[in-house]
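Residue numbers (the working numbering): 18 to 182.
Laid out in structure tokens, this is it:
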């Protein structure tokens, strides 16, 4: 249960029980039945821009948002935010981009929103500190529950034979 490291033992015992009874997938499917239509990079960019416009109008603009097939393997992450800086004349220009693991193409809508909110919050807050999580909760009030449930979802996915979700 590598995604659940750091959680209290009592909570982990409940997760182990759900797994042993074969109910983890069923519980997640019932709780997160709503799919999303954000399948292309363009749709992901528009989705992210809409959230950014609603909650973070003054944040730096994004030039690229896309799904990335290699993200988990290369960075051990589900999403990344990067700033590409280059000199343009006498000024330094920065371009911001977000990459989201391709597994979110098929993940429930709530999990896609959680990861996009997480990466957007990094536009303002670099570190995973109190201000960062307050911003995440401002954009998604159930952020902490979604983060935990996403960890359960990833745990469940890892337990499935390859090619089955």
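Ideal Cβ positions, reconstructed from N, Cα and C, are used throughout, including at glycine.
Keep in mind the model is a prediction, meaning the values are calculated, not measured.
For residue 114, the enclosing beta strand (DSSP E) has its first and last residue at 108-118. For the 8 Å CB-CB criterion, residue 150 and residue 45 do not form a contact. Judged by DSSP in its simplified three-state form, residue 86 adopts coil rather than helix or strand. Assigned with DSSP and collapsed to three states, residue 80 falls in strand.
Secondary structure at residue 133: helix, using DSSP grouped into helix, strand and coil.
Nearest Cα to residue 63 within the set 19, 175, 80, 179: 80. In the DSSP assignment, residue 96 is bridged to 117.
A check of alpha carbon separations from residue 129 across 29, 160, 25, 114 identifies 160 as the nearest. At least 8 Å separates the beta-carbon of residue 176 from that of residue 157. In this structure, residue 163 lies away from residue 73, with their beta-carbon atoms at least 8 Å apart.
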